[in-house]
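Just remember that this note's numbering sits 2 ahead of the position in the sequence shown, which is counted from 1.
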Amino acid sequence: SFPRATAEVEQAMQLVDEYDNLRQKMTADMADSARTVKELLVRMEDLRLCDYSRKLRQALVNVQRVSRGMIADYSKRRGNHRMLLEALRELNLWINRGANLRVGTAQAAVVAGCKRALKDRDAATLVGVISRGGQLGFG
């Protein structure tokens, strides 16, 4: 039924937004971690040159801790990316279903309108384009 389909499209669009926002946050966190590792490596080199072996070992432990955290974060980021792609595939299926109900320029108008709605992250417009086609001024 169309109301159920509308809800599924809106839910998929919401998931895409959530996963994309989370992806951006995770990317920023990973950049911070990389910066921290670089700072620790510079500190380790200074300690090595000054022959402070005890402090050098502690700095190495810190680098290893941050590195393990980065690996765990990367694993989470990879899972998030997989879920984002799954949600985008679901949206693409709905767009194809809406476009395949039409032929020619009307079909192209639906695809173009849906791309614009996805770019604008506008779920209401996306549902409208799928249901009414090029009548929303996207053709």
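Just so you know, even glycine gets a beta-carbon here, dropped at the ideal spot from N, CA and C.
| query | result |
| --- | --- |
| Contact between the region 5–24 and the region 123–134 (3+ Cβ pairs under 8 angstroms) | yes |
| At least 3 beta-carbon pairs within less than 8 angstroms: the region 102–111 vs the region 19–27 | no |
| As assigned by DSSP and simplified to three states, the class of residue 106 | coil |
| Residue 81 classed as buried or exposed, judged by whether at least 16 other C-beta atoms fall within 10 angstroms | exposed |
| Collapsed DSSP secondary structure at residue 76 in the structure displayed | helix |
| Same chain, Cβ closer than 8 angstroms to residue 50, five either side skipped, listed in chain order | 58 |
| 6 angstroms Cβ shell around residue 125 - same chain, five flanking residues per side excluded | 12, 15 |
| Residue 21 - DSSP class collapsed to helix/strand/coil | helix |
| Touching by the beta-carbon criterion (3+ pairs, under 8 angstroms), the region 69–79 and the region 88–101 | no |
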